[in-house]
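Asker: If you use the numbering used here, the sequence shown corresponds to residues 76 to 406, in order.
Attaching a single structure in structure tokens format; questions to follow.
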Amino acid sequence: MSKIVVSIPGDGIGPEVVAVAERVLLQVAPSLRLERAEAGFGCYQRQGTSLPASTLEMARSSGAVLFGAVTTPPAIPGYQSAVLGLRRGLDLFANVRPARSVPVTGSRMGVDLVIVRENTEGLYCGIERREAGRAVSERVISERGSARIVRHALELATRQRRKRVTLVHKANILRETCGLFRRVGREVAAGFPAIELEEMLVDTCAYELVRRPERFEVIVTTNLFGDILSDVAAAVTGGLGLATSANLGEGAALFEPVHGSAPDIAGRGTANPLAAVGAAAMLLGHLGLEAERMRVEAAISAVLLNGPRTPDLGGEAGTGEVERALLDLLR
């Protein structure tokens, strides 16, 4: 029986890079069935919502989503980002961001780490208000949310045969919220005696990611901290244009390139599709298609090593040239 993957191209360069990722998926796994769905600012302009109920239901039913990029406009009251809506609607509590050395200028060698970020709580839970002369955001950290994200990180480390997980917090200042995250994390880690649990303050972790990123294996942390640290990790391993992520829940998963919709280059045919193709590779692994995942990752590595390269990587190739090179390698 065919496995269904819901493809949501989104805005800007999203449709361009997702189209390449779709063709790569079908090249290595022709039994997959791709179904397109709408979301994003363009969808909002057409339908009055950035995330139609039909799109959310398709994502929930299929369990696997390939996502492009969306534009989040400023100053539209009540507007909600489609990707945030999908994360909340599908309870995608774990954001998983690998960062590995690649053969491009600016990438540090010897780095192979994963950042596991809690994806539904913290300062991003959306509890904000205006008061006289000030604005207030509430930071929500729960025992349940802390336990499941730390467990997810420890299970990932076990599967990948990694030896250490770094629990990142700021419990010396944020005594209640980070204190709870730290306490629960240590309790969960007690059930994984084969994995070393180390603790690190978030500012120290940021410093060490720049200074010695190769020392890390798996980092687990709260929502805002993880958002920032994962971009730091991307910066030392080739940049956001190559970064991929998985948003995982109990019954659904969404895979996306980290880069934005880049409206300034949309339609020019110069967008780098490798992050979207990398997200497709992660999706293949999630579906249990390990051989296919490895083939796609090997093709990405070959293109990064030998070209062609798009302008963001110092080359002059277009999106189509990179796609043709990938498909030739995968035939």
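Idealized CB from N, CA, C, for every residue including glycine.
Between which two residues does the alpha helix (DSSP H) carrying Gly254 extend?
Answerer: Its alpha helix (DSSP H) spans residues Thr252 to Ala264.
Asker: Could you check what DSSP says for Met184 in three-state terms: helix, strand or coil?
Answerer: In this structure, Met184 counts as coil in the three-state DSSP scheme.
Asker: Taking Ala374 as part of the beta strand (DSSP E), name the residues at either end of that continuous run.
Answerer: Careful: Ala374 lies outside any beta strand (DSSP E), inside the alpha helix (DSSP H) at Glu365 to Asn381.
Asker: Taking Pro127 as the reference, give the member of Pro148, Ala139, Gln155 and Ala337 with the closest Cα.
Answerer: Comparing Cα-Cα distances from Pro127 to each of Pro148, Ala139, Gln155 and Ala337, the minimum goes to Gln155.
Asker: Any idea if Met133 is buried or exposed, counting beta-carbon neighbours within 10 angstroms, 16 or more meaning buried?
Answerer: The residue is buried, with at least 16 neighbouring Cβ atoms inside 10 Å.
Asker: Once the 5 residues before and after Ile88 are set aside, which same chain residues still bring their CB inside 7 Å of it?
Answerer: The residues are Ala144, Ser336, Ala337, Ile340, Ala341 and Ala346.
Asker: Indicate the three-state DSSP secondary structure (helix, strand or coil) for His361 in the structure shown.
Answerer: Three-state DSSP puts His361 in a helix.
Asker: So, are the CB atoms of Leu231 and Val189 less than 8 Å apart?
Answerer: Yes; because the gap between Cβ atoms is below 8 Å, this pair is in contact.
Asker: Rounded to the nearest angstrom, what separates Leu131 and His361 at their Cα positions?
Answerer: If you take the alpha carbons of Leu131 and His361, they lie about 20 Å apart.
Asker: Between Thr385 and Ala392, is the Cβ-Cβ spacing less than 8 Å?
Answerer: Cβ atoms of Thr385 and Ala392: closer than 8 Å.
Asker: DSSP three-state label for Val95, please.
Answerer: Of the three classes helix, strand and coil, the one that applies to Val95 here is helix, per DSSP.
Asker: With distances taken from CA atoms, which of Gly395, Ala328 and Pro332 is nearest Gly344?
Answerer: It is Gly395 whose Cα lies nearest to the Cα of Gly344.
Asker: State yes or no: is the C-beta of Val177 within less than 8 Å of the C-beta of His227?
Answerer: No, Cβ-Cβ distance for Val177 and His227 is not below 8 Å.
Asker: Measure the C-alpha to C-alpha separation of Lys78 and Arg108 and round it to an integer number of angstroms.
Answerer: Roughly 6 Å between the two C-alpha positions.
Asker: Does DSSP put Ile340 in a helix, in a strand, or in coil?
Answerer: Correct three-state label for Ile340: coil.
Asker: Under the three-state reduction of DSSP, which class applies to Asn298: helix, strand or coil?
Answerer: Asn298: helix per DSSP, three-state reduction.
Asker: Taking just the CA atoms, how far does Ala366 sit from Asp414?
Answerer: Nothing in the structure corresponds to residue 414, since the chain is present only between 76 and 406.
Asker: Hey, out of Tyr119, Ala355 and Arg286, whose CA is closest to Gly153's CA?
Answerer: Taking only the C-alpha atoms, the option nearest Gly153 is Tyr119.
Asker: Along the alpha helix (DSSP H) that carries Phe116, what are the first and last residues, could you check?
Answerer: Where Phe116 is concerned, the enclosing alpha helix (DSSP H) stretches over Phe116 to Gln122.
Asker: Count the other CB atoms, across all protein chains shown, that sit within 10 Å of the CB of Lys468; report buried if there are 16 or more and exposed otherwise.
Answerer: Outside the displayed span of the chain (76 to 406) sits residue 468, for which this structure offers no information.
Asker: Any idea if Tyr181 is buried or exposed, counting beta-carbon neighbours within 10 angstroms, 16 or more meaning buried?
Answerer: Note that residue 181 is Gly in the sequence shown here, rather than Tyr. Under this definition Gly181 is an exposed residue.
Asker: Less than 7 Å between C-beta atoms, sequence neighbours within five positions excluded: which residues of the same chain meet that for Gly314?
Answerer: Gly181, listed in sequence order.
Asker: Give me, in chain order, the residues of the same chain whose beta-carbon lies closer than 6 Å to that of Val333; leave out the 5 immediate sequence neighbours on both sides.
Answerer: Excluding residues within five positions, the ones whose Cβ falls inside 6 Å are Leu315, Ala318 and Ser320.
Asker: Which two residues bound the contiguous beta strand (DSSP E) that contains Leu331?
Answerer: Per the sequence shown, the amino acid found at residue 331 is Glu instead of Leu. Run containing Glu331: Ala328 to Pro332, per the beta strand (DSSP E) assignment.
Asker: Report the option in Leu284, Pro105, Glu213 and Glu292 whose CA atom is closest to the CA atom of Arg236.
Answerer: Closest option to Arg236, Cα to Cα, is Glu292.
Asker: By how many angstroms is the C-alpha of Leu329 removed from the C-alpha of Gly123?
Answerer: Approximately 23 Å between the Cα atoms of the pair.
Asker: Where Arg406 and Leu198 are concerned, what is the direct C-alpha to C-alpha distance, given to the nearest angstrom?
Answerer: Roughly 46 Å separates the two Cα atoms.
Asker: What is the residue span of the alpha helix (DSSP H) that Ala128 lies within?
Answerer: Looking at the DSSP string, the run of the alpha helix (DSSP H) that includes Ala128 is Ala128 to Ser137.
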